[in-house]
Each structure stands twice: as C-alpha cells, then as structure tokens.
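*Asks:* Below: one structure in structure tokens.
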Amino acid sequence: MSRRRQDEIGARSHDGSFRAPARPWKSGALALRPRALAPAGFSPSSPQGLKALFFSLRNAALKGPLFHGALGAAVRILAVGSMLAVLVSHALAQVTFERLVNSAKEPQNWMTYSGDYSGKRFSALDQVNITNARTLVAKWVYQTATTGKLETSPLVVDGIMYATAQDDRAFALDARTGRPIWMYQRQIPSDIRPCCGHVNRGLAILGDKVFLGTLDAHLIALDAKTGAVVWDVVAADYRTGHSFTVAPLAVKNLVVIGISGGEYGVRGFIDAYDASTGERKWRFYTVPGPGEPGHESWEGDSWKVGGAPAWNTGTYDPATNQIFWPTGNPAPSNRGEGRAGDNLYSNSLLALNADTGKMNWYFQFTKHDEHDWDATQVPIMIDTAGKHLIAQADRNGFFYVLDRSTGKLISANEYGKTTWSDSKDAEGRPVAKKEASPTLEGHTVCPGALGTTNWFPPTYDPQTALFYVTARDQCDIFSTAPQPYEAGHAYYGSAYFPSEEAEPYRGFLKAIDPATGQVKWKFEHTSPTWSGVLSTAGGLVFSGDAEGNFIAFDAESGKPLWHFQMGGAVYAAPMAFAVDGKEYVAIAAGSAVYAFGLP
Amino acid sequence: MFRRWCLGFVGFVFLGIAARAAGSQNPLAGDAKAAKAGEYEFRINCALCHGLGARGGGRGPDLTRVVKKHAHSDSDMFQVISNGIAGTAMPANGTNGQGVGMTDEEIWQIVTYIRSQEVKAPAQALGNATHGKELFYGDANCSLCHMVEGKGGRLGPELTGVGGSRTRAAIIESVRDPSRRLAWGLTESTKEFPQEYLSVTVTTADGKQIKGVTLNEDSFSVQIMDMDEQIHLLEKSKLLSFSKSRDSAMPKYTVDTLSDKELEDIVAYLVSVGAK
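Listed below in structure tokens is the structure:
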C-alpha cells in the first residue's frame, strides 16, 4: 500500500472508535505483522487493536520459533494467557448486555443481526484478506432440508452458530463443522399466509436464550443450549395478517421486535418484551391513534388499517439509549385514495427510548407512499468528525444521512435510477411528483415496487469509510386495483408489472461515500440479487448473487477476487466469525448455510 | 414488502389442501360480481406473467382461449392455480413470493374472471396451415433454428406448444420484431431474468471467435450454443473478448421477406399443432 493511499484512508476514517489500521497484511508476512512485535501499540479500547492482538498472539503462539529472546517468550506467554482467557471468560458465559454493547472486543463472535449495535455488518477479523481471499474454500455446508428461500443471518457465539430456516425452524450448529447441536421447528397453523414466503431472518441472543419471531406472530424464547421453549407469547392475531419475519434485537433486558403485515392492513407496531419472562414492557404503534401527534396525517378511519409495519431489524445507540427502527409502507400499499395525508409514521426511521418505547424523533423518507417503498432497510450509525450520524440507503432510490441526535436531514442523494421526484423540500427531502401516482391504466415509475434496494442489509466499512449496498435499476408500471379492506385478506389496492418497454432490470453492488452521497464504484451483477453485504477488516466486501455465486470483492476497488458457486440463489446476508483462531465467512444460499475459510 | 417473483416449487405442500377443494364445482360460476373481484385478484397475482386482461404476457400463456392445455374444467383450473404446473414457470399459490397467496374463494373468483374473459367464438384461423407447414420447413427457414414436434433446429425456442399458449398477435410480433421481447427460458423458471437466448460473441484465448446464443450465464461463466448447435462452456476470465446483446439472433422478418399472408399461414400451422 502506498503511503498516500494509507493517508487517504486514515484521513477519511474520522470515527474515533474505528481508527483505520494500516492493513498490515499488505506490508509483510501474515504471521509477523508489525503489531505482533509492537504490543505497545495496542489499545484495549480499540477493537482493531484487540482483534489484531487476538490473531497476532495466536500466530505468535503457533509460530513461536520465529520469535527470539525475551520478547518472543513474553509474547508466547501472553498468547497462551489470552487464548485461555477467551476460553474461560466466554466459552460457557452467558451473553450479557455488556457483551453486546462491547461486541467489538470479541470480533470472533457475531452476536446481533448486524454484528453490532451500530448496524455496520462489519467484521474486525482480517485473517481472510485481499492477499489470500483467492484461496478461500468451502469448509462446511449445512442443508436445512427445506424448500423456498433462506433469508437468515446467522449468529455465532463462542463456537456455536444459531440460525433459522423456512417455516420457523431454528437450529444450533458446531460453527467449526456445521454439525447440528439442536433443532427446533414450530408447529405453525396451516392457514397462515405471510406475504412473501415462509421466511425468517434470524434470531437474537441474550443470557442463555435465543429469541425467534414466528410467522403466526408469536415471540418465542428458546434455551440456547437445547432449543427447548422457555416461554412463548402472542403479539397479535395471525388471522388478521400479523406475522414476524424479522430478527429481534436484544437491548438491556428487553427483546425488541417489529410486526409484518403491511399487505394486510395491520396497524403496525414495535414491541419490547422482558427477556426473562416474556412479559411485554412496551409497544409503540407506528400509526398514531386518536389524540396522538401524527394522527391527523390519516384520512378518516384509514389509520386503523394503516400498515406501517416494522419488519427489519433496527439498531441501538448505547450512548443515548435510543433504538433506531425503520417502518414500512402505508396500507393499501399502492393506492393513496382514502388515506390522504402524510400517513405517519409509515416509511420512516423512528428513534425510540429503549426503556419506554417513547419516540424522540422520526424522519419520514417517503410521504404518503403509493409505490410500496417500505423504508425497512437497516439504518447504520456512523461517527465521523465528531458528528453522530445515521445513514440509510432507502428503497425509494435515495441515500439519506441524518443527525441521529435530532433526526435532522443532512443529505439525500440518488444512488439508483429514479423518476418519482424532481425537487426537494426546505429540509432537503426529495418530494414526489404528482404524476408519479399510480393510475387505473398504469404508468411507469422508477424505481419499481421492489425498490432500488430492499430488506437485504448493507454494510459500512470504517476502513474505507464507504457504505456498500445491493441495488437494482428497475422501473415498473404501477396501476391501481381498488380493494376494500377485509380482515385477513390481501390489501394492496394495486398491481404492478415490469415495464415492457423498459430496459431489463440491472443489479449492482454499489459503494457509496456517505460524506458526498456519491457512488464511488459499482459492480454489475448478471441480474439483480437479493443478497446482503458484509465488509471485513481484511479489506474485503462479501456478497452473493441470483446465479448462486458467493463473491469476495476488494473493498477499495470493487474488483471481484474470489467466487464460489453455491448452487442456489442468495436471499440472505453474509457474516463472519472465528473459532479456534480461524476466520470463517458464512452465508445462506438455496436452502443451505455455507461456511468458507482459508485452506 | 417484497412480494413477487422469487421462487420455489413448493407445490406439494399444498396438494392436500387443494385436493379437498378440487372436486367441487365453482361456487361462483357466472357471478359477475365475483368476476370483477377476480379481475383485481388477477391483476395482483397473475397479470405479471399472464398480462392484463389475461391475454398472455412475457412468459404466461394467453388465457382468453377457450381450449387450455392444463385447465379444461373449473376444478382443473382451481388445481392449476393452487398447485402450479411442474416443469413450467407456473408456481403454486402463495409460493412465488408474489403477494400473500389467495384463499379458496379468491381462487374461484379468478377462475370466474378468466372464464368471463374467454373469447367465446374464436376467429377462424386466417391462414392455411398446410402451406404454413411448408413454409416453416421450407422457404421461411424457421426450422433451421426452431423445432416443432421433434423436427427442426435447437438454436431457438422449441415451438410445438407455442400456438396453444400464445396469442396470434404475440406470435406475429415475435416474427416481425424478435428482439422486442426475447423468449423466456426455463433454466430457472421463476428467475427474474433468465440468461437464455441472448446473442453472444466471444473470442477465446486462442483467438477463435464464437457466435451463438446463451444457454445460461453468470458473472464468471457462460454456456453458449453456437450457430452449428455446438455447446461451449466458457470461463469469462479466460476470454479475450465477450459481448452480449438482447438483439435476438433471429432475423427480423419484414413483409418483404415474409408477406402477411405467409405469416398468417405459419401462425395457422403453429396453432394447429398447438391445439393437439
């Protein structure tokens, strides 16, 4: 790496907690990184430092003869001590809230949906890196023996992987071998009709339990060691279209979860349950009732069936005790007639007090949405130059950066093909053109109903200071199809079709610079994909494609460095972990979970 | 939410449910109100492939024809909607990721709607099927690339069933303007964009140029059938050049090369085969 390039990275990574490392693998042999010889450089408050310590010391222990004299001996002792400490302190330990807050101190584990509370989906592991990624091999495959798509994002804690599959299956695997430890499958009612497949996106873990939201709208606590049901509570009636597909988020002693059902005209909500007992501690209705602020943004009784579900996992800021949770489309999704107004808090990002569920602020990305552009994308907290930001690549085609203390918009920039807005309001928010509304005959609007992106999570790499997101360019013909509300029945008020005259859909992995909102590089897939994205300290970005490939990219340039054909399309997000000092990268494809590592 | 496309043949899961309902008559037969409700259900659940008005779309057959390959009776049609059709892009109800799936009542509404859209007295074929067959295998050169009932070429889509599933207008359009809409393949039947029938030209490492159509493609490899029906399995990173286009390998047949009358004869031939 050139000096100049190092400086660029260093200068661009203002986040004090994620100081850009010098990418040591580029400067010498892996086993003898400069840091291994300079332990004084480690900072216990720096996850980079600890991560490097972990691997460097492991390497030192394994390759002891390479070290000579007192320093080598000290390093070896430290290494053994550190490995033992890891074993003793974590192997049988419960997952406490403190561990979740300080997840950066244990980069070998992946304990929340996005890997940490900030939502970055960034792994501080760098054993797999741009110099050796081309040698990655499949280490194991776990077949879930289900049909349909897997949307799960696994957790790994102390050598055990926890993940989910179709029809509310949950399972624990030996993360080194993929061998199952336990399996759970819920008996779901035969008459459930979740909108978009019998999918589940993953678990939360806290204490000695994992938490599963089910398709029939229960929240279930399972014993992390056995998969046995500890408690089971009903959040809502599945017969009126309520369901859970989202991975819950554990915060303090609470399990936070958001409802699905925007296609059924549910009244959306976000719930928090006591992790020990299952008792509901608070509920925030994403559609305000009579007398509550925002209620006036709904016409007549439309609020009662207003949608605004909350079906993707939010993030949490321990510093301010705020949960940031995004919401989905107002119902009916593509027909605004009958629900005049902004339709708060649909398609919004909400900042809620974690203890009470009280809202501190909201930001609505798409007002009075008529195109099904749920804002249910993972919002990522970014700290830079003393600013506390939160960034979201929205389904409506714009990349938003907000001040996460106030919810004030800082910038909104197009990152894909859009035609629905040609102006911004005083705050800088893109405003919909009147003629973008669907008509009975139908007309073309970009992005299409699937959006520029969708639920599959993006990543933010503090080393490159870039935000990576899977995107598509697609336009649809939107037409209205008047539908009365009927409990438990689909409530879209619309239909949409691929625009025949339009170009074929195009799919990309895009690297966005949050400082400017500009796309720094993009990689065009053969066709659009539903894969999430992972970044790692190894200088890599991982994502999958619709043709079944898992791909490692150079995070700086977007050049693919390695790929593996998994034999099934990807509808899931990758994550990374380490066991016994060996780094793995895992992702679900087809109906299986794959783990990759160095030979 | 993200309904639509997405995939998976999970039909057998629903077999039990559908089997119970399938023996019954359509309880909504002829009910105009049910047909109207079915129209909206159709738009939401079916029109993506079968087109507005059920007249056929990019990959779904024209359903306004009275004679249907898979759905003679109403209960057959109910079965097809519930379970899908194995080996085709027709998915089982509720399994394609599009929409929430339909209740039995909603399926019957759609059946009622489709029946209401059928063209009761289809126009007599305008052309001469016998002459159409001669053209297909003769002067029009169709059979160089297309196969019908086991005879013909492999480069283009197999056309035995096309006359039974596509509208006359769709067949005419694909002859006059073949690039407007490339054929959907079945490599991955519910994939959003199958990589089939794209025109490709590559130069291999030894400088050889290959022209043909894609059988499949991903970011790293491509499977091509060349003009001589030879299959080439290629890694993109080892090619000197790779270009593809959505311009069909099939030439545009203008009225100068194929008159309207001749084209009607070919359509009549395809319809006669497709009706078998």
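For the protein sequence lines, the chains are X and Y, in the order given.
Numbering-wise (my numbering), the first sequence opens with residue 504 and increments by one.
Numbering-wise (my numbering), the second sequence opens with residue 2 and increments by one.
For each residue, glycine too, the CB sits at the ideal point set by N, CA and C.
1) What do you reckon, are the CB atoms on X:ALA724 and X:ALA738 nearer than 8 Å?
2) For X:SER982, would you say it is in contact with chain Y, using Cβ-to-Cβ distances shorter than 8 Å as the test?
3) Can you tell me the Cα-Cα spacing of X:ILE1090 and Y:LEU127, whole angstroms?
4) Quick one: which chain Y residues come within Cβ less than 8 Å of X:THR823?
5) Anything in chain X within Cβ reach of Y:PHE221, meaning under 7 Å, just list it in chain order.
6) Beta-carbon within less than 8 Å of X:GLY1100's beta-carbon, same chain only, minus the 5 sequence neighbours each way: which residues are those?
7) To the nearest angstrom, how far is the alpha carbon of X:SER617 from that of Y:GLU40?
8) Just grab the DSSP bridge partners of X:GLY761 for me.
9) Does any CB atom of chain X fall closer than 8 Å to the CB of Y:ALA19?
10) Here's the rule: buried if 16 or more other CB atoms are within 10 angstroms of the residue's CB, otherwise exposed. What is X:MET686?
11) Taking Y:MET91 and Y:GLU42 to be in contact with their CB atoms under 8 Å, please state how far apart those CB atoms are, rounded to whole angstroms.
12) What number of angstroms, rounded off, separates the C-alpha of X:ALA952 from the C-alpha of X:ALA596?
13) Going by beta carbon distance, what residues of the same chain come within less than 7 Å of X:ASN815, once the five residues before and after it are set aside?
14) Under a three-way DSSP split, which group does Y:TYR270 fall into?
15) Using the three-state DSSP reduction, which class does Y:THR131 fall into: helix, strand or coil?
16) By how many angstroms is the C-alpha of Y:GLN110 removed from the C-alpha of Y:LYS37?
17) Given a cut-off of 8 Å, decide if X:ASP1016 and X:ILE633 are closer than it, judged by their beta-carbon atoms.
18) Would you please state the rounded distance, in angstroms, between the beta carbons of X:LEU628 and X:ALA1081? I believe it to be under 8 Å.
19) Is the CB-CB distance between X:GLY991 and X:TYR767 below 8 Å?
20) Between the beta-carbon of X:SER1030 and the beta-carbon of X:TYR1008, is there less than 8 Å?
21) From the DSSP output, read off the bridge partner residues of Y:VAL203.
22) Tell me which residues share the same chain as X:PHE866 and place their Cβ nearer than 7 Å to its Cβ, disregarding the 5 neighbours each side in the sequence.
23) Would you call the CB atoms of X:GLY1010 and X:HIS1028 closer than 8 Å?
24) Taking DSSP as the reference, what is the three-state secondary structure of X:SER1094?
25) Taking all protein chains shown into account, decide if X:THR859 is buried (16 or more other Cβ within 10 angstroms of its Cβ) or exposed.
26) Between Y:ILE267 and chain B, is the shortest Cβ-Cβ distance under 8 Å, so that the two count as touching?
27) Which same chain residues, not among the five before or five after X:GLY781, have their C-beta less than 6 Å away from its C-beta?
28) Whole angstroms is fine: what's the gap from X:ASP726's alpha carbon to Y:ILE86's?
29) Between X:TYR741, X:VAL732 and X:LEU658, which has its C-alpha nearest X:ILE691's C-alpha?
30) Does X:TYR995 get closer than 8 Å to chain Y when you measure Cβ to Cβ?
31) Please name the residue or residues paired with X:ASN1052 in a DSSP beta bridge.
32) Would you mind working out which of Y:ASP32, Y:SER244 and Y:HIS132 sits nearest Y:ASP266, comparing C-alpha positions?
33) Name the chain Y residues that come within less than 7 Å of X:HIS1028, Cβ to Cβ?
34) Under 8 Å Cβ-Cβ, which residues of chain Y neighbour X:ASP1048?
35) Could you tell me the distance, in whole angstroms, from the CA atom of X:ALA834 to the CA atom of Y:GLY154?
36) Which same chain residues, not among the five before or five after Y:ALA130, have their C-beta less than 6 Å away from its C-beta?
*Replies:* From the atom records:
1) no
2) yes
3) 56 Å
4) Ordered by position in chain Y, no residue passes the 8 Å Cβ test against X:THR823, which lies about 30 Å from the chain.
5) ASN1052 and HIS1066
6) VAL631, LEU639, VAL640, LYS642, LYS1085, GLU1086, TYR1087 and VAL1088
7) 42 Å
8) X:ILE773
9) Caution applies to Y:ALA19, whose pLDDT of 42 falls short of 50 and renders its modelled position unreliable; the model cannot decide the point.
10) exposed
11) Wrong, their Cβ atoms sit about 16 Å apart, outside the cutoff.
12) 45 Å
13) VAL749, PRO829, THR879, GLN880, VAL881 and TRP958
14) helix
15) helix
16) 8 Å
17) no
18) 6 Å
19) yes
20) yes
21) Y:ILE211 and Y:PHE243
22) SER851, LEU852, LEU905, GLY910 and LEU912
23) yes
24) coil
25) exposed
26) Of the chains in the structure shown, none is chain B; the protein chains are X and Y.
27) TRP734 and VAL736
28) 42 Å
29) X:TYR741
30) yes
31) X:GLN1068
32) Y:HIS132
33) SER220
34) ASP219 and SER220
35) 51 Å
36) ALA269, TYR270 and SER273
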